[in-house]
Structures are given as C-alpha cells and as structure tokens.
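Residue numbers (our numbering): 716 to 1091.
Glycine residues also receive a C-beta, built at the ideal position from the N, C-alpha and C atoms.
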Ligand code: SF4
Ligand code: SF4
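Here it is as structure tokens:
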C-alpha cells in the first residue's frame, strides 16, 4: 500500500437517477443536476459516461445536466467507443462525431475503448481502432486515450505489448471481492498495467452495490472496527489504496453517496495492514452469502431475444439466499418483474448474454437455478 497517495474520485454516469425504475432513459434531471453540482462544488471534476449507458442515451443526459450548465473548463469528460457496436472503419468516424454532438463538446478529456476483450480484440485490430483513437488524440479531439478492460491478464499483456504506445491509461475492475477471483483477477491485471507504466482508473469498486449491501455479519464486523465509516468507504479506500491506481469511479445516484464518497477522497486514508485483515474476513463472509457474483451492469440484456431481466433476477436470487423465514418479498418482486419481461425459464439457450457478460458468468446455468427457486 502506498502511503499518503493522491487518488481522485470520478463520477460514473452508468446508474444515474431515473423517474421510472424500468426505463433507463427516463432521466430525473432535477436529481442528476443536484448530484453533479454537489460533486463539482466539493472540488471534483471527472465524469465518466459511455455511448451505450442508459439505453444509449447517457451522453445526451450528461450534456443536459453537466455540459450545458457548467463552463467547459470546470469539468473533465470521459466517454467510450462501443467496440461491440461499430461495423467498420467508417463507422468509427460516424460514432465519434455522434458522441461529440450528443455530449455537446469539441473534445473529450478521456476516450476509452469500451469493454475490450477476446470477443472484440481481432475486430479492433482489423479496423484499426487503436490507431483511430491515437489519430483523434493527435487532432486534439481527445486528450487522453484509455481502454476499459474486462478479460484475462494474458490478453491485457498481449494488448499492451502491441498497442501500449497508443494507450495513456487502463480502466480495470478492482474491488476487494475480485482481487483474486479467477474470472476477474484484479490484482494480476493491475500488476500488468503497472509494469507498462500505465496509470489505472478503477471501475466497479463496490461491485455493483454488492460491497454496500453487505450480509449482516460482515457489516457488523466493519462497524465494530469503524462505527462512523460506511461500507462503501471501505470498498473505495481498498480500491484507491492500490499502487498505480490514480482514479476511482463511483456510479453515484443519491446525495448521500456523493457526500460520503467525496468525504472519503478529500481526506484519503490508505487501508492499513490491520484493516486488510478485516477486509479478508468480510470477503469470506460475502462469498458465503452471494451465490451469483453479478455486478448489475446490464450488458447481457441488450441482445436477449426473450427480454429476460437477468440482473434483476440475479439480485433477487442473491437476496433470497440471505433471507430466513417463510415470507419472501423477493418472490413478489420476481412475479412483478416477470409481468413485463421474460421469466428465467423462458431462456432459449442462445448464449448471446454470456458473450456480452464482462464477468464471464454462466448466465444460462444461473437462470435455471433462479427458475427453480422462484417458479418451482
Ligand atoms: S441464453 Fe437465454 S438469457 Fe441469454 S440471451 Fe439467450 S435467451 Fe436471453
Ligand atoms: S450477468 Fe454479467 S452482463 Fe449481466 S448484469 Fe450481471 S455481470 Fe452484467
């Protein structure tokens, strides 16, 4: 752990407040603007969005709530090239221009190749994606080129050995649950990025809320150690304490979260060895209580022919696994959600969702377990 390290907090615009829980484009601008304004007033300036977030409308929402309301120099904006969506080299140009227009800016402070992995790497090489981004940087349309990465360390090593000169930073999923997880390998990926001298931005520091809504036993342990610290602050401090990490993103959607996170980073305290021991124990408790390690990113749902509410069903399954007693509100939620979406048992086994899942989860297998639990 680095002592007295400087690490920034970034505002992740992936889960902004909406008016209707089932409609990711029904932006609650009053709330979003209040959150953005507070974040800026606390001295933070970095906002991270993407072409695909919020049903492909997040960039417009960021323009309304941020770009059109604040001077360009007062914030930094990052967005991402959708690697699964572009068709060819010409399409890259079209999408990039569309993104500038949607965001209402002349340049991006950071521009990332979104969700790089085995399934898109060859396509990126074929159509010159790395060169495209470097070219836009040379034209002054991008200040800094990055790559968000959700795959195995071997691929990261390969990409950095081939295209490291075109990448200024790497965005990695780092949190205390995934540190040694075989399907994420946060620690190993961070070590590789560091060995190439690339600063790292952290995404999913709270693992999609998993490290905020902790099992009772884990929460008790943290509260006994630090009664006034939130569960989120432990997760944020773990991510920000790692050597090579310069930024931690948080997808904040309430004022309480903005105030808590900004307080954590204003007076950043790296985790101590003793605290690491507590975190290890908490990790063990969560593992015991979270059968499906889904981050609720929603990438799996876009191409599902049955419109199955995969992340919602997984969250309900995890939640019911922690519940004791006969009445289960999760079953009620399941039935209500299934009124507007496919049920878990409607899955036709096409496998599209698993190709899109950055966590490499066996979604079809898990859906069978969900169906057995809620539809049996
Ligand atoms: S495998 Fe099932 S859940 Fe996945 S995309 Fe196909 S139908 Fe949807
Ligand atoms: S199953 Fe995978 S892709 Fe779908 S929400 Fe969970 S982590 Fe994301």
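In this structure residue 967 is buried. Its beta-carbon is surrounded by 16 or more other beta-carbon atoms within 10 angstroms.
Considered as a whole, the segment 727–802 harbours 744–756, 768–771, 773–777 as its complete alpha helix (DSSP H) runs of no fewer than 4 residues, in chain order. The three-state secondary structure of residue 1023, taken from DSSP, is strand. The beta carbons of residue 1078 and residue 1065 sit about 11 Å from each other, so the pair does not count as a contact at 8 Å. A direct Cα-to-Cα measurement between residue 1016 and residue 841 gives close to 27 Å.
For residue 1013, the shortest C-beta to heavy atom distance toward ligand 2 is below 7 Å. Its chain contains 726, 973 as the residues whose beta carbon lies nearer than 6 Å to that of residue 754, once the 5 sequence neighbours on both sides are disregarded; these appear in chain order. Distances taken from the Cβ of residue 1077 to the heavy atoms of ligand 1 include none shorter than 7 Å.
Following the DSSP letters along the chain, one finds residue 991 inside the alpha helix (DSSP H) bounded by residues 988–1004.
Contact between residue 810 and residue 823 is ruled out by a C-beta separation of about 13 Å, above the 8 Å threshold. Relative to ligand 1, residue 993 has its C-beta separated by 7 Å or more from all heavy atoms. Look at residue 833 here: in three-state DSSP terms it is helix. Remark: C-beta atoms of residue 858 and residue 930 do not approach each other more closely than 8 Å.
If you ignore the 5 residues before and after residue 1062, its C-beta comes within less than 7 Å of the C-beta of 1021, 1023, 1079, 1082, all in its own chain and listed in chain order.
Not one heavy atom of ligand 2 lies closer than 7 Å to the C-beta of residue 1062. Check the Cα spacing between residue 817 and each of 805, 832, 792, 833: the tightest is with 792. Rounded to whole angstroms, the Cβ separation of residue 849 and residue 828 is 11 Å, and the two are not in contact under 8 Å. Per the coordinates, the alpha-carbon of residue 986 lies some 45 Å from the alpha-carbon of residue 806.
With contacts defined as CB atoms closer than 8 Å, residue 883 and residue 912 fail to qualify as a contacting pair.
In the DSSP secondary-structure assignment, residue 918 is bridged to 888.
Relative to residue 834, the option among 821, 799, 743, 868 whose CA is nearest is 799.
Leaving aside the five residues that flank residue 879 on each side, the residues in its chain whose CB is nearer than 6 Å to its CB run, in chain order, 911. For residue 924, there is no enclosing alpha helix (DSSP H), as DSSP marks it with neither H nor E. Residue 1018 and residue 771 have their C-alpha atoms some 14 Å from each other. Spatial neighbours of residue 952 in its own chain (CB-CB distance under 6 Å, excluding positions within 5 residues in sequence) are listed in chain order as 986. Residue environment: residue 908 is assigned as buried (16 or more neighbouring CB atoms within 10 Å of its CB, all protein chains considered).
For residue 780, the closest C-alpha among the options 728, 869, 935 is that of 728.
According to the DSSP assignment, residue 811 belongs to no beta strand (DSSP E) but to the alpha helix (DSSP H) extending over 804–818. By the criterion of a C-beta distance shorter than 6 Å, residue 1011 is surrounded in its chain by 923, 1026, once the five residues flanking it on both sides are discounted. Excluding residues up to 5 positions away in sequence, 952 lie with their Cβ nearer than 7 Å to the Cβ of residue 984 in the same chain. Between the alpha carbons of residue 786 and residue 838 lies a distance of about 37 Å. When the beta-carbon positions are compared, residue 945 and residue 975 come within less than 8 Å of each other. Rounded to whole angstroms, the gap between the alpha carbons of residue 1054 and residue 1070 is 26 Å. Per DSSP, the beta bridge partners of residue 725 are 761, 964. Between the alpha carbons of residue 733 and residue 965 lies a distance of about 17 Å. With fewer than 16 other CB atoms across the displayed protein chains lying within 10 angstroms of its CB, residue 843 is exposed.
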